[in-house]
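Sequential numbering of the sequence shown, starting at 3, is according to the numbering used here.
Comments concern the structure below.
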Amino acid sequence: MHGITRKDRRAVLVAGGSGFIGSHLVDRLLQRTDLERLVVVDNLWTGSRQNLAHFDDPRLSLEVESAEIFATSQRFDEIIHLASPASPRWYMSDPARTIRANISGAFNLLGLLKPGGRFCFSSTSEVYGDPLVSPQPESYRGSVDCTGPRSSYDESKRCTEALLFETQRTQGLDVRVVRLFNVYGPRTRIDDGRAISNFISQALTTGVLTVYGDGLQSRSWGYVDDIVDGLERFFWRDNISYRGPLNIGNDYEVPVLEIAKFICSLVPGSSIVHHEPVPQDPTNRCPDLTLAKRILPGWEAATGYRDGIRQTLEWFQSQLAAPAAAQA
Ligand code: UDP
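This is how it looks when you write it as structure tokens:
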């Protein structure tokens, strides 16, 4: 703790810190020498205790509670709000809960911030809807159906962005907002349902990968380590005055079918079956990273999908083997 005075030591809250991206962020936060205490607030809807099980750090505590109702007399220097399901399967299963987690979560957490504290929020590329321009710059206002099947997620992220930027404008809130594009990697739930994790768990279990529609719809797949590098730099490490929104993702766009075929090539005996297309499934999505490259010089999501998927597959194999090993 050389050079860090008591007043510099930070109390940080991460809502959604037991989740996929949240727990990777907790890894990075615990490396900070100025961190005094780290409170993870997570209701374990899509998060998991297991994601934090490898930590043995007295500064870290887990509060099993929803972000929108968590109460404490403590106040925090930094709050990072990631408390939301991100997989369509999960957010569509309980849209009201998804809306509450994002919007009411933000309202409640804002009340726990010390005056002058920083509030960081993970918004989404879904604010661009089914985009009519590609790649999508932050200035693109999007093509979202506010009553469509994705609306609970898209619109609650958009509304939370509005809340935060308007609080910044009227009250000077120190805010940082990122828009994450598709992220995959270790610690995704086996039953998460998003494309890469679903294809991998299907390849390892039933052997049948379900591609919705013709699979020519495309996404830009970001490996979690690269994405969290960007978050760490933007949320606390670099000295940045820009508040966001900032696109964070990989800008190499790949069709879903190509991803499925690659996973089949890694798991002998697996095959693809096409299902009905999903209503309002965006046809494409790709970040314009011009701003990210200016704000975070040297940062890029450099891991190609082949390497990232190989690493994710290894992790899923270890997870699926674990219960059997425990029983043995
Ligand atoms: N997808 C698919 N099969 C699956 C899961 C997803 O074909 O088992 C497709 C989905 O229809 C979409 C793309 O993969 O076109 C990415 O879906 P995901 O749920 O990962 O994220 P989204 O970008 O749609 O939120």
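Note that the Cβ used here is the ideal one computed from N, Cα and C, for glycine as well.
Is the closest heavy atom of the ligand UDP to the C-beta of residue i under 7 Å?
| i | result |
| --- | --- |
| residue 201 | yes |
| residue 1 | A query on residue 1 cannot be resolved here, the shown segment of the chain reaching from 3 to 330 and no further. |
| residue 217 | yes |
| residue 8 | no |
| residue 189 | no |
| residue 89 | yes |
| residue 324 | no |
| residue 304 | no |
| residue 205 | no |
| residue 286 | no |
| residue 252 | no |
| residue 269 | no |
| residue 184 | yes |
| residue 73 | no |
| residue 347 | Because the chain is modelled from 3 through 330, residue 347 falls outside the range shown and cannot be assessed. |
| residue 197 | yes |
| residue 283 | yes |
| residue 256 | no |
| residue 280 | yes |
Whose CA, out of the options, lies closest to the CA of residue i?
| i | options | result |
| --- | --- | --- |
| residue 169 | 197, 113 and 193 | 113 |
| residue 34 | 250, 321, 62 and 20 | 62 |
| residue 71 | 79, 78 and 85 | 85 |
| residue 89 | 191, 260 and 319 | 191 |
| residue 31 | 47, 11, 49 and 46 | 11 |
| residue 6 | 21, 36, 28 and 181 | 36 |
| residue 229 | 13, 100 and 23 | 23 |
| residue 117 | 146, 78, 109 and 150 | 78 |
| residue 135 | 284, 177, 308 and 304 | 284 |
| residue 263 | 220, 159 and 201 | 201 |
| residue 280 | 29, 150, 121 and 50 | 150 |
| residue 198 | 65, 269 and 314 | 314 |
| residue 108 | 53, 144, 16 and 142 | 16 |
| residue 222 | 212, 239, 214 and 182 | 182 |
| residue 99 | 158, 128 and 83 | 158 |
| residue 210 | 266, 317 and 320 | 266 |
| residue 94 | 48, 172, 180 and 14 | 48 |
| residue 274 | 205, 233, 241 and 124 | 205 |
| residue 2 | 225, 298 and 46 | Shown here, the chain extends from 3 to 330; a query on residue 2 therefore has no answer. |
| residue 25 | 161, 13 and 51 | 51 |
Output the distance between the C-alpha atoms of residue i and residue j, rounded to the nearest integer angstrom.
| i | j | result |
| --- | --- | --- |
| residue 1 | residue 218 | The chain is shown from 3 up to 330; residue 1 falls before or after that span and cannot be answered. |
| residue 328 | residue 185 | Its pLDDT being 45, under 50, residue 328 is placed unreliably by the model, and the measurement read from it follows with that caveat. So the two alpha carbons sit approximately 30 Å from each other. |
| residue 140 | residue 276 | 33 Å |
| residue 334 | residue 58 | For residue 334 there is no data in the structure shown, the boundaries of the chain being 3 and 330. |
| residue 306 | residue 286 | 18 Å |
| residue 261 | residue 196 | 12 Å |
| residue 41 | residue 178 | 19 Å |
| residue 323 | residue 188 | 15 Å |
| residue 53 | residue 21 | 7 Å |
| residue 300 | residue 252 | 14 Å |
| residue 126 | residue 81 | 18 Å |
| residue 43 | residue 174 | 25 Å |
| residue 87 | residue 214 | 21 Å |
| residue 258 | residue 308 | 13 Å |
| residue 330 | residue 320 | With a pLDDT of only 39 at residue 330, under 50, the local geometry of the prediction cannot be trusted, and the value read off the model is given with reservation. When rounded, the distance between both Cα atoms is 15 Å. |
| residue 121 | residue 111 | 9 Å |
Return yes when at least one heavy atom of the ligand PLP lies under 7 Å from the C-beta of residue i, else no.
| i | result |
| --- | --- |
| residue 104 | Of the ligands one can find in the structure shown, namely the ligand UDP, none is the ligand PLP. |
Checking contacts by CB at 8 Å: is residue i closer than that to chain D?
| i | result |
| --- | --- |
| residue 33 | The question asks about chain D, but that chain is absent: this structure has only one protein chain. |
Item to check | At least 3 beta-carbon pairs within less than 8 Å: the stretch 103–120 vs the stretch 149–163 | outcome: The way I'd put it, the stretch 103–120 does touch the stretch 149–163; three or more beta-carbon pairs between them come closer than 8 Å.
Item to check | Cβ contact check for the stretch 294–313 and the stretch 245–260: 3 or more pairs under 8 Å | outcome: Between the stretch 294–313 and the stretch 245–260 there are three or more inter-stretch CB-CB distances shorter than 8 Å, so the stretches are counted as touching.
Checklist entry - Do three or more CB pairs link the stretch 44–60 to the stretch 164–182 at distances below 8 Å? => result No, the stretch 44–60 does not touch the stretch 164–182.
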